[in-house]
Structures are given as structure tokens and as C-alpha cells.
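A.B. asks: If you read the protein sequences in the order shown, they are chains R and U. Number 122 in the numbering used here belongs to position 122 of the first sequence; there are no gaps in the numbering. Number 227 in the numbering used here belongs to position 227 of the second sequence; there are no gaps in the numbering.
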Amino acid sequence: MTEKLKTFYNKRKTIILLVLFAMAIALPFLIEKGSVMSLIVRIMFYIILASSLNIINGYSGQFNIGHAGFVLIGSYTLSILAQLGWPIWVLYILAGVVTSIIGLIIALPTLRLRGIYLALVTLGFSEILRLIALNWTGLTGGPMGIKGIPAPWFFGLRSTAPHNYYFIVLFFVIICLFTSYRVINSKVGRAWMSIREDDHAAMSLGVDIRKYKAINFMFGAFWAGVGGALMAPFYTFIDSSMFSLDEGFNILSMVIIGGQGTLIGPVVGSVVVNLTTEIFRFADEARLLIYAIMIMAMMWIRPQGLAGTSRSVIANRSLGKERGTFLKKLLKKKEVK
Amino acid sequence: MLKVDNLVVNYGYIQALRDVSLEIKENEIITLIGGNGAGKSSTLMAISNLVKKTSGTVTFDGRDISRMDPDKIVSLGIAHVPEGRNIFKKLSVEENLLIGTITNKKISKKEINDRVEEMFVIFPRLKERRKKSGGSLSGGEQQMLAIARGLMLKPRLLMMDEPSLGLAPIIVEEIFELMEDVKKSGMTILLIEQNAMLALNVADRGYVLQNGEIVLTGTGKELLDNPEVKKAYLGI
């Protein structure tokens with residue numbers, strides 16, 4: 001199925017992209033309800049955040065579970081400087097730059113780590129940042145957070161309403177996906193994937209692993225920072241509890257459910273996860289249970305994610321078959337009983 | 001061209017190489033033969049600086065490369081085709097080849113494409129499968145891909161670690177024929193082989209490694225005729 005979709009897409013690439021773009025532009029004119037629109041805007045935030053995490057986890061195979069830390073930096077950078085009167089449009093980019101510098105600082109001492117060790121460091125880093133934000137009252141407002149973050153001017157309008165803010169986010173989503181696409185199909189992207197596939201082989205071919213891992217972290221952190229910065233003026237209020245580890249896992253679950261190492265995966269993941277949480281809003285805290293079930297179900301049924309191609313993960317396909325027979329055997333046993 | 005002097009490599013307290021010295025001249029095929037665990041792969045890894053050397057030096061064109069980063073060594077023109085054909089299984093054949101040129105910063109897109117096409121001329125089978133993922137290739141094709149990936153660099157020295165491992169005899173022959181073509185094009189080859197007979201037949205000179213030491217050296221023919229080599233490695 002995915003194969004057919006792919007050839008269909010490749011044949012009519014420009015038309016499909018234009019239609020999608022037109023649909024994206026028309027969307028806010030078709031939807032009147034503010035609450036629906038703000039859900040859509042939230043989905044788009046997470047498209048940026050999940051895509052940026054996918055760059056790190058999906059393309060270079062590093063395991064970062066402290067992504068919320070990067071989002072926090074972006075968000076606070078914008079909020080603090082916006083209060084000092086800096087122009088918001090500049091701050092969106094500046095927040096990304098600051099975050100990517102922090103990303104480099106985190107990456108440098110951890111370049112030799114991988115797998116679970118790197119995961120632990122990123123987890124610790126994310127919590128440390130949250131605690132700093134919680135306790136450095138002078139800079140971050142501490143537990144009170146930062147209030148009244150102004151939205152940018154956009155065609156002479158203060159764009160706080162979701163219908164207006166949507167366009168700003170759309171702009172960044174498109175740039176994010178486009179730059180990711182370009183980078184992944186370049187020398188740098190191939191270097192990331194070679195590290196993910198087999199770092200020893202990559203090294204023997206002369207891929208400078210440290211350099212490309214550092215670039216990878218910086219690129220991922222940049223977009224996490226921009227995503228975080230975009231959130232602040234929309235919510236007009238941020239505090240440290242918005243960037244807890246739960247948030248990090250939330251982003252991670254979108255990447256896993258959507259499909260790691262594919263460009264479209266995080267988009268699908270963000271839509272699916274956000275809609276599910278919205279649908280199960282009545283269940284309150286028990287919603288988190290649904291996450292867990294979704295992630296486990298995905299790992300069981302479709303480990304390559306919703307958007308992962310079956311072609312690229314042949315190993316998984318054969319595993320799936322085995323799992324199928326395993327299930328059948330299990331069922332048969334029960335019948336005997 | 002390449003000189004290794006008194007190389008010592010330890011893995012923990014196990015000595016993998018003790019005092020290995022060898023020399024490779026321009027446009028030669030040199031082979032290292034020896035049993036399992038004799039230190040053949042360790043020698044290659046030490047040359048590309050993928051393992052830590054305890055002592056000893058490696059010089060390439062008179063330049064000391066013993067402490068150089070692996071990627072710098074590759075950019076000098078030493079390509080390493082690792083054991084067990086470490087190709088990137090999820091990437092396509094073409095992408096695998098493209099990664100081969102990554103250390104060459106000055107290379108133009110056109111030049112890269114030309115080289116890819118050149119590889120497809122040498123390995124027509126890879127051309128048929130250019131869009132297929134590396135993992136879907138057969139063992140022989142994977143080995144060809146690994147070699148082609150090494151050749152993409154246009155290296156001056158190509159180091160191959162057991163290219164015949166686990167391949168059907170007919171494909172092994174094909175790969176060895178290819179090696180002679182590569183030599184004709186002016187490249188130098190350092191070859192590690194378990195299949196001593198084949199290796200010594202194509203090699204100009206060979207070294208015999210045993211327990212991390214070089215015990216014998218000579219031209220390919222000399223070693224083939226050596227009674228000890230015959231007994232230990234050729235099974236005659």
C-alpha cells in the first residue's frame with residue numbers, strides 16, 4: 001500500500017504539494033470554532049517538535065528522551081526577551097539559535113555515549129533545566145511562570161487568535177519540513193543515516209562521527225527551540241511544569257507512533273496522538289494509559305511506525321510474520337483447553 | 001607507500017599484536033594470512049586507527065598517521081572495506097555508494113555521479129538493484145557493494161578484510177579477478193584472507209601472522225611453496 005502511495009506521490013509531486021498547500025491556507029476560513037482551530041495549531045506545534053526529535057532519534061540513531069529541555073530553552077528565551085521589548089519575529093529565530101548552541105554544549109561531552117547512556121544524560125539534562133526554570137525566580141518567574149507574552153504583529157493585526165496565529169505556525173512548519181527534507185537528502189543526512197545503521201562501518205569510510213553527531217544535535221535542538229518559541233506567544237503564559245519529562249515522552253511517543261526515520265512519520269504521529277488525547281479528554285488522567293497502550297500496540301504490530309515503509313524494514317516484516325504465527329499458536333493452545 | 005613499525009595492540013590484558021612490522025609498496029597486492037585470532041583484522045583496524053595502538057608507528061608516504069583521526073586517514077586515500085561487509089542495510093544501493101565519498105569535501109556532484117556510474121559499469125548487478133535496500137542484496141552482491149563503496153573514494157590504498165567470507169566459490173573468483181583489474185588501474189591493495197591459496201595466487205607478497213606476530217614473509221609464490229605454509233594453511 002505504502003509502495004503504491006509512494007509512486008503515486010512521486011508522479012504528481014508538485015500538484016499534490018500545491019493542493020495540500022491550498023488546503024492548508026483555506027483551513028482557517030472553513031473552520032469557525034476557535035477551539036478546533038487551537039487544536040490544529042497545537043498539532044502543528046507538535047509537528048515541529050516531533051520532527052526535530054525525529055532528526056535526532058530517527059535519523060542518527062541517538063536516543064534523546066529529554067527533548068522537553070530544548071523546548072523549554074526556546075520557550076523561555078522568547079518569553080524573557082519579549083518582555084524586554086525585543087521583536088518577536090527575530091526572537092523565533094534567535095530562540096532556535098540559542099537552543100542549538102545549548103544542544104551543542106550537551107552534545108560535546110556526550111558524543112561518546114550512545115543508547116541508554118545517552119538517554120539517561122538527556123533525561124537528566126531535561127530535568128535540570130526544568131528545576132532551574134522553577135527556582136531561578138529572578139529570571140524565569142519561578143513557579144509563577146511568565147505571563148502576558150505578546151503575540152507578534154502580522155499584517156497590522158495582533159495575531160493572538162488561533163485563526164491568525166495559525167498562519168505563522170504554518171509558515172514555520174513548512175520551513176521546518178522543507179529544511180529537514182533538504183538536509184536529509186544531502187551529504188549530512190547520509191552521514192547521519194550511516195551512523196545510525198552501523199557506526200563502525202561509517203567510521204571506516206571516514207565519516208567524522210563526532211562532527212556529524214554534533215551537527216545532528218544542533219539541528220534537532222534548533223527546531224525544538226523554534227517550536228518552543230512558537231508556543232509561548234500562543235499560550236501567552238509559560239511555566240516550568242509545561243516542560244516536564246512527561247512532555248518529553250509525549251513528543252517521543254509521537255515520533256514512535258508516526259514512524260521513526262521518515263519525514264512524514266512525526267506529522268502522522270502528531271495528528272494521531274493529539275486527536276486521541278482530544279477524543280479521550282473525558283477520561284482525564286486515564287488518558288495517559290491510552291498512550292501506553294498505543295505505544296505498546298505499535299511496537300507489537302507495526303514497529304516501524306504508521307508511516308514507516310515495509311520496504312525499508314524487511315527485518316521487521318519477517319518478524320511480523322513470526323509474531324503472527326506466534327499469536328495463532330497461542331490461540332490454538334487456548335482452543336485446546 | 002605504507003610502513004608499519006613495531007605495532008603493538010592490546011585488548012585489555014590480551015595482546016592482539018606484538019611487534020608487527022610490514023611494508024607496502026606502490027601498486028602491489030599484499031596479503032596477510034593467518035588463522036582465526038592471529039591479528040589480521042587488528043592490523044587493519046590499527047592502520048585506520050579504529051583501535052588504540054599501545055605502541056608502534058604507521059607511516060603513509062613518509063607521513064606519520066599513527067595518531068590521526070580515522071576520517072583524516074581515509075581522506076589521505078586509505079579505504080577500508082571492513083569484515084563481514086558492513087553495508088548500510090536500510091539505505092539503498094545508491095545511497096550506500098554516495099556515503100563512500102563523504103570525506104572528499106571538494107568533489108562536485110557531477111563527479112560523484114560519474115563515479116557512481118563507473119561503479120555500475122564494474123558491477124552491473126548493482127545497477128539493476130540501485131534503488132533496492134542494501135539488506136535485500138545477496139551475500140555476494142553485498143560484498144561487491146562494500147568494495148564499490150570503498151572504490152568510490154578513488155583511494156590509493158584499498159584494504160580489504162576477508163572479502164571471500166561466506167561467499168560461493170564462483171563469486172569469490174569474480175571478486176579476485178576484480179582485484180587484479182583494480183591493481184591494473186594503479187591502486188595498491190592490502191588483502192586479508194583465510195583462503196590462503198587464492199590470496200597468495202594474486203598477491204605480489206604475503207605476510208604470515210601467528211598469535212599476533214609475523215612469522216614468515218616472502219613473495220606469493222615463495223609462500224605457496226613453503227612447506228610450513230603448505231601444511232598449516234593450504235592443507236596439502
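Glycine residues also receive a C-beta, built at the ideal position from the N, C-alpha and C atoms.
Does any residue of chain A have a CB that is nearer than 8 Å to the CB of Val169 of chain R?
C.D. replies: Judged by its chain identifiers, the structure shown contains no chain A, and its protein chains are R and U.
A.B. asks: Would you say Asn86 of chain U lies against chain R (beta-carbon separation less than 8 Å)?
C.D. replies: yes
A.B. asks: Buried or exposed: Leu330 of chain R, going by 16 or more other Cβ atoms within 10 Å of its Cβ?
C.D. replies: With a pLDDT of only 48 at Leu330 of chain R, under the threshold of 50, the placement of this residue in the model should not be trusted; the figure read from the coordinates follows. Leu330 of chain R should be labelled exposed.
A.B. asks: With H, G and I counted as helix, E and B as strand and the rest as coil, what does DSSP make of Leu191 of chain U?
C.D. replies: strand
A.B. asks: Got a sec: is the Cβ-Cβ distance from Gly100 of chain U to anything in chain R below 8 Å?
C.D. replies: yes
A.B. asks: Please report the distance separating the alpha-carbon of Ile314 of chain R from that of Gly100 of chain U.
C.D. replies: Residue placement at Ile314 of chain R is poorly supported in this model, since its pLDDT is 31, which falls under 50; the coordinates still yield a value, given next. Roughly 24 Å between the two C-alpha positions.
A.B. asks: In chain order, what residues of the same chain lie with their CB nearer than 6 Å to the CB of Val74 of chain U, ignoring the 5 residues before and after it?
C.D. replies: So the qualifying residues of the chain are Thr103.
A.B. asks: With 8 Å set as the bound, which would you pick, yes or no: does the beta-carbon of Thr103 of chain U sit closer than that to a beta-carbon of chain R?
C.D. replies: Yes - at least one Cβ of chain R is within 8 Å of the one on Thr103 of chain U.
A.B. asks: I'd like the ranges of any alpha helix (DSSP H) spanning at least 4 consecutive residues and lying wholly in the region 89-127 of chain U.
C.D. replies: Counting whole runs of 4 or more residues, the region 89-127 of chain U contains the alpha helix (DSSP H) stretches 93-99, 109-122.
A.B. asks: Name the chain R residues that come within less than 8 Å of Arg149 of chain U, Cβ to Cβ?
C.D. replies: Ordered by position in chain R, the residues that pass the 8 Å Cβ test against Arg149 of chain U are Leu205.
A.B. asks: Hey, Tyr121 of chain R and Thr110 of chain R are a contact pair by Cβ (cut 8 Å); roughly how many whole angstroms apart?
C.D. replies: It should be noted that the sequence gives Val, not Tyr, for residue 121 of chain R. Indeed they touch by this definition, with Cβ atoms about 5 Å apart.
A.B. asks: Between the alpha carbons of Pro266 of chain R and Thr31 of chain U, how many angstroms are there, rounded?
C.D. replies: 49 Å
A.B. asks: On the DSSP letters alone, give me the boundaries of the beta strand (DSSP E) that Ala349 of chain R sits inside.
C.D. replies: Chain R is shown only over 1 to 337; residue 349 of chain R falls outside these bounds and no answer can be derived.
A.B. asks: Taking only the alpha-carbon atoms, compute the straight-line gap between Ile192 of chain U and Leu224 of chain U and give it to the nearest angstrom.
C.D. replies: 16 Å
A.B. asks: Is Ala292 of chain R buried or exposed, if buried means 16 or more other CB atoms sit within 10 Å of its CB?
C.D. replies: exposed
A.B. asks: Drop a sphere of 10 angstroms on the beta-carbon of Glu26 of chain U, count the other beta-carbons inside from all chains shown, and report buried for 16 or more, exposed for fewer.
C.D. replies: exposed
A.B. asks: If you draw a straight line from the C-alpha of Asn211 of chain U to the C-alpha of Val273 of chain R, how long is it?
C.D. replies: 58 Å
A.B. asks: Whose Cβ in chain U lies nearer than 7 Å to the Cβ of Lys187 of chain R?
C.D. replies: Ile102
A.B. asks: Alpha carbon to alpha carbon, what distance is there between Gly85 of chain R and Ser312 of chain R?
C.D. replies: Annotation note: pLDDT 35 at Ser312 of chain R (below 50); position unreliable, coordinate value reported separately. Taking the straight line joining both Cα atoms gives about 49 Å.
A.B. asks: Quick one: is Ala107 of chain R near chain U, going by C-beta distance under 8 Å?
C.D. replies: no
A.B. asks: What does the Cβ neighbour count give for Tyr59 of chain R, buried or exposed, with the cut at 16 atoms within 10 Å?
C.D. replies: Around the C-beta of Tyr59 of chain R, 16 or more other C-beta atoms lie within 10 Å, and the residue is accordingly described as buried.
A.B. asks: At a CB-CB cut-off below 9 Å, which residues of chain U make contact with Ser60 of chain R?
C.D. replies: Residues of chain U passing the Cβ test: none, with the nearest at roughly 13 Å.
A.B. asks: Assuming Gly225 of chain R and Ser100 of chain R are in contact, meaning their beta carbons sit under 8 Å apart, how far apart are those beta carbons, in whole angstroms?
C.D. replies: 7 Å
A.B. asks: Check the DSSP bridge columns for Thr59 of chain U and list the partner residues they point to.
C.D. replies: U:Lys3, U:Asp64
A.B. asks: Per DSSP, Ser133 of chain U is paired with what?
C.D. replies: U:Ser92
A.B. asks: Please check if any C-beta of chain U sits within less than 8 Å of the C-beta of Arg190 of chain R.
C.D. replies: So, interface residue.
A.B. asks: Output yes or no for whether 8 Å exceeds the beta carbon distance between Val8 of chain U and Leu2 of chain U.
C.D. replies: no
A.B. asks: What first and last residue would you give for the beta strand (DSSP E) that runs through Ser21 of chain U?
C.D. replies: 14-24
A.B. asks: Below 8 Å, how does it come out for the region 190-199 of chain R and the region 24-32 of chain R: are there three or more Cβ pairs, yes or no?
C.D. replies: no
A.B. asks: What residue ranges within the region 175-236 of chain R form continuous alpha helix (DSSP H) runs of no fewer than 4 residues, ordered along the chain?
C.D. replies: Every alpha helix (DSSP H) of 4 residues or more that sits fully in the region 175-236 of chain R is shown, in chain order, as 187-197, 199-204, 209-235.
A.B. asks: Is it a yes or a no for the region 33-49 of chain U touching the region 59-73 of chain U, going by three-plus beta-carbon pairs under 8 Å?
C.D. replies: yes
A.B. asks: Quick test of your reading: Thr140 of chain R and Ile146 of chain R, contact by CB under 8 Å. State the CB separation rounded to the nearest angstrom.
C.D. replies: 7 Å
A.B. asks: Within 10 angstroms of the Cβ of Ser138 of chain U, are there 16 or more other Cβ atoms? Answer buried if so, exposed if not.
C.D. replies: That one is exposed.
A.B. asks: Can you check which of these residues, U:Gly150, U:Glu23, U:Lys40, is closest to Gly62 of chain U by C-alpha distance?
C.D. replies: U:Glu23
A.B. asks: DSSP state of Arg205 of chain U, grouped into three classes?
C.D. replies: strand
A.B. asks: Find the residues of chain R that neighbour Val74 of chain U, judging by a C-beta separation of less than 8 Å, and give them in chain order.
C.D. replies: Ser204, Leu205, Gly206
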